[in-house]
Amino acid sequence: AVLGHIGLTPQSISVLGGFRAQGRTAARARSLLDEALRLQDAGAFAVVLECIPANVATAITNALEIPTIGIGAGGGTSGQVLVFHDLLGMLSHPHHDEFVPKFCKKYASVGIQINDGLAQFKKEVEEGMFPGKDYSPYEMSEEEEANFDKLLLKDAEKVRLKQNETVSKLKTTDESEQLNLYGNHQNDQ
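The sequence shown lines up with residues 218 to 406 when you count with our numbering.
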């Protein structure tokens with residue numbers, strides 16, 4: 218299934234130097250209508266109409282048998298879409314407001330709260346405040362904890378013995394033999 222997209226397309230934003238309205242002349246509006254009809258004829262199930270005048274979007278919607286989805290194209294389309302990062306104000310960089318399209322209504326400004334929350338989380342982790350006892354609710358019974366501690370002690374002894382064995386091997390093994398950097402040449406000596 219293919220969703221068509223006409224008007225301002227993502228790949229054209231940098232070429233055009235930003236969010237620039239499309240179809241603002243009669244000739245360009247007619248070519249957008251023709252593009253939409255070709256997309257329908259090619260089998261698209263719907264067409265996104267982006268950054269085009271509302272009257273052009275309405276005319277395209279009326280001419281098509283498939284739905285249209287508007288983004289900065291007025292209310293005469295079959296449906297609407299916005300980028301949720303923009304409509305929720307999720308980005309809080311000081312320059313972000315300069316790059317939000319004019320057609321995007323911001324319904325919230327959660328970017329600042331997101332940044333504040335992440336900064337607080339980082340601070341509490343770095344200071345050892347989080348997770349703390351309140352957010353570490355899973356516990357063992359005292360008996361099971363004692364049994365687990367015994368198992369850890371046994372494991373620690375095994376690890377210590379293995380480390381001693383490894384240290385001993387390293388002291389007696391030539392570095393090139395130990396790493397086998399040059400293949401196994403024990404028979405060559």
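From the three backbone atoms N, C-alpha and C, an ideal C-beta is built for every residue, glycine too. Keep in mind that this is a model prediction, so the values were computed, not measured.
Assuming the contact rule is C-beta atoms closer than 8 Å, residue i and residue j should be a hit. Round their C-beta distance to whole Å, please.
| i | j | result |
| --- | --- | --- |
| V265 | G221 | 7 Å |
| I277 | A244 | The Cβ separation is near 15 Å, so there is no contact. |
| A263 | I283 | 5 Å |
| L308 | G289 | That belief does not hold up - the Cβ atoms of L308 and G289 are roughly 18 Å apart, past 8 Å. |
Using three-state DSSP, classify residue i as helix, strand or coil.
| i | result |
| --- | --- |
| Q406 | Confidence in Q406 is poor, its pLDDT being 49 and thus under 50, which makes the residue's placement unreliable; the coordinate value appears in the next sentence. In this structure, Q406 counts as coil in the three-state DSSP scheme. |
| L335 | helix |
| R377 | helix |
| K182 | With the chain covering only 218 through 406, there is no way to say anything about residue 182. |
| G345 | coil |
| Q239 | coil |
| S385 | helix |
Give me, in chain order, the residues of the same chain whose beta-carbon lies closer than 6 Å to that of residue i; leave out the 5 immediate sequence neighbours on both sides.
| i | result |
| --- | --- |
| A325 | L305, G306 |
| I331 | none |
Check for me: the beta strand (DSSP E) holding residue i runs from which residue to which?
| i | result |
| --- | --- |
| L220 | 220–224 |
Determine, for residue i, whether the minimum Cβ-Cβ distance to residues of chain C falls below 7 Å.
| i | result |
| --- | --- |
| R245 | In the structure shown, chain C does not exist; there is a single protein chain. |
Using C-beta distances below 7 Å, list every residue in its chain close to residue i, excluding the 5 sequence neighbours before and after it, in chain order.
| i | result |
| --- | --- |
| S385 | none |
| I269 | G224, A238, Q239, G240, L249, A290 |
| D366 | none |
Excluding the five sequence neighbours on either side, which residues of its own chain have a C-beta within less than 8 Å of the C-beta of residue i, listed in chain order?
| i | result |
| --- | --- |
| L281 | A253, L254, Q257, V264 |
| K323 | D303, L304, L305, G306, V317 |
| T226 | E267 |
Scan the region 246–310 and note each continuous beta strand (DSSP E) run of 3 residues or more that stays entirely inside, going in chain order. 263–267, 285–288
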